[in-house]
Amino acid sequence: MSQVLLINPRITSNARFPLAVMQLAAALKGRWSTRILDGNLDRHLPETAAAAVREAPPLAVGLSVMGGPQLVAALAVSRAIRAAAPQVPIVWGGYFPTLCADAALASDCVDYALRGQGEEGFAGLLEALAGGRALADVAGLSWRRDGQVVHNADQPFSTAPLQLDVGFEDLPAPERYLGPSFLGRRTAGYQAALGCRYRCSFCGVAALFRGKTALPEAERLSRDLTLLRTRLGADSVQFYDHNFFDREVDMQPLLGVLAQQQMPWWCYARADALLGLSAASWALVRRSRLRMAYIGAESPNDSLLRDMRKGTRSDQTLAVVEACRANGVIPELSFMLAPPQDPEGETERTFDFIRQVKRLHPGAEIMLHVHTPLPPRRLGEGRWTPRDPALPRGFSFPDTADGWARREWVDYWCHKDAPWLSDALRARIHDFRTVLGCRFPTATDIRAPAWQKAALRAASAWRWHAARYDGPRELRWLAQAVKLWDPQRHAL
Ligand code: B12
Ligand code: SF4
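Using my numbering, count along the sequence shown one by one with no gaps and you end on 488.
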């Protein structure tokens, strides 16, 4: 069997299961032998990967690439592989090549970009590289023919990955992926369902799955959680599902499994779905020990929410905060500040709304992001998605992977900054974040003793009550002294 090298470039030091490459390995099982290299565990990944391809050149190397810091790491490891074994084809898959296939292929170290779900497309590409089929027949593939970039038709949504055995125990040291979090001492990352049925215009998930979702059988969830608990010692789970709560009738068997397992858990959810749950489902949620649900509140402005096709309203955000509180679940609300339409005005309105949320439920967690619209995306057969109409005139995105790897574009991808923010607005957001973080230290901080949190709360009380966020130098000093936990830096 020819070998295929699968690589998860470094993105964090808090390593969790590299599910993307594990899924690909599971899909290739029996046809190709695979080896996984994970940059989250190996600080010298470029050297390790170069040595691996030099010693035993594989049929291809597949890298999982998310925009942001992982793109920077992916470029470094791809270049090391190219230098060590120039004949080995380098394939990029994941969110970056799905959203920016042309930019990926503009790089000298990427031969193929696979858009969308990877399992079937990657198997098809390997077959083509081995001479068994034509490259033009591989759905979702972007490639070069006679120097010209060709984008094959998009792949249809596939539910087949739900039948795969992810192979947790096939990893060389699976226990290294279970670490402490506010949920428990050994938290595992796991994905139950595929995709998301919504198409919010700002979201990469909508680009990858185009409004499709599929839930697993309850038996599969039960089997995997039992394995994680009994064989690998997991005591809690972070669900990576894009949107855990789907139609209630389909969810109930899954909630039943979670109520049996009783492992504290975290997930992504939507306000409307949670508000639609019956009393019986909420009872299962309580029994299952759901600790926190990450909910995309995005904005208090209903007309903006409509424009971004979010499908929820600001009154639902407030109602879900109450519902979570009543059921012992911490709502973790994510907001997108400074949209290009009215950066200052929308930011101030969002700050006021957050104050309203905190009055309802002081324990609600708040995640602050900058609203950074997605670049227009290349679809199969030469079509493009439209450019976000709110983007300022003259604004243009990078057209190469190296361009996207520049500091300011890494920040853009990570929703940290955007070119239309003034310095004053950046400072205002920073100040608000400091006061908020001190007044309401996050429940996800597993280190700080209670007295430290109490001191931060007391020191920031007057500023919060008077809405005086400007220049909180004393709080910044305190936050630095106690190494205040930033939930966004430690997310997931
Ligand atoms: C875990 C996670 C992380 C972890 C990464 C841990 C790790 N193991 O590497 C951490 C916390 C570090 C992280 C960071 C970020 N993340 Co993240 N993350 C996720 C999460 C929850 C799960 C990823 C996962 O394992 N999925 C399961 C696997 C099976 O699916 P997959 O990765 O999509 O892989 C499939 C395809 O993409 C494709 N594929 C993937 N790789 C490859 C490779 C090849 C060769 C091929 C052929 C195909 C292929 O095939 C796979 C199987 O179908 C996703 C949400 C989600 N459910 O996917 C968000 C998600 C991927 N993250 C996202 C983002 C934006 C980020 C950030 C860049 C910014 C942010 N604010 O979160 C940051 C970087 C922050 C920073 N400062 O470093 C977005 C991506 C969308 C986008 N626009 O790019 C997502 C979708 C969340 C969201 N809903 O917005 N993240
Ligand atoms: S509901 Fe969430 S995951 Fe689904 S498309 Fe909207 S923002 Fe993305």
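Glycine included, every Cβ here is placed at the ideal spot set by N, Cα and C.
Cβ-Cβ separation, residue j to residue i (assumed contact under 8 Å), whole Å
i      : j      : result
His367 : Leu333 : 7 Å
Gly35  : Val73  : 7 Å
Glu340 : Leu421 : 6 Å
Val317 : Leu356 : 5 Å
Ala16  : Gly90  : 6 Å
Ala56  : Val0   : 6 Å
Arg305 : Arg373 : At roughly 15 Å, the Cβ-Cβ gap does not stay under 8 Å, so Arg305 and Arg373 are not in contact.
Ala119 : Ala23  : 6 Å
Leu300 : Arg309 : The pair is not a contact, with the Cβ atoms about 11 Å apart (cut-off 8 Å).
Leu250 : Phe164 : Going by Cβ atoms, the distance from Leu250 to Phe164 rounds to 19 Å, so no, they are not a contact pair.
For residue i, the three-state DSSP class (helix, strand or coil)
i      : result
Gly90  : coil
Glu244 : helix
Gly252 : helix
Leu190 : strand
Gly120 : helix
Glu294 : strand
Val145 : strand
Tyr236 : coil
Ser29  : strand
His426 : helix
Ile442 : coil
Thr368 : coil
Ile326 : strand
Phe331 : strand
Pro176 : strand
Val68  : helix
Val406 : helix
Asp133 : helix
Val106 : coil
Val73  : helix
Gly489 : Nothing about residue 489 can be reported from this structure: the residues present for the chain run from -3 to 488 only.
Thr209 : strand
Residue i Cβ short of 8 Å to ligand 2 heavy atom set
i      : result
Val366 : no
Cys196 : yes
Ala202 : yes
Cys410 : no
Arg266 : yes
Gly292 : yes
Met148 : Position check: residue 148 holds Asn in this sequence, whereas Met was assumed. No.
Cys192 : yes
Lys306 : yes
His426 : no
Buried versus exposed call for residue i [16 or more other C-beta atoms within 10 Å across all chains shown]
i       : result
His147  : buried
Pro385  : exposed
His490  : A query on residue 490 cannot be resolved here, the shown segment of the chain reaching from -3 to 488 and no further.
Asn10   : exposed
Trp262  : buried
His40   : exposed
Asp237  : buried
Arg443  : exposed
Arg379  : exposed
Lys449  : buried
Asp427  : buried
Pro222  : The question names Pro, but residue 222 is Thr in the sequence shown. The residue in question, Thr222, is exposed, as its Cβ has fewer than 16 Cβ neighbours within 10 Å.
Gln151  : buried
Gln476  : exposed
Arg182  : buried
Thr438  : buried
Gly114  : buried
Arg6    : buried
Asp242  : buried
Trp447  : exposed
Asp220  : buried
Ser(-2) : exposed
Val245  : exposed
Cβ-heavy atom distance, residue i to ligand 1, below 8 Å
i      : result
Cys199 : yes
Ile362 : no
Glu115 : yes
Pro212 : no
Ser274 : no
Gly90  : yes
Thr226 : no
Thr8   : yes
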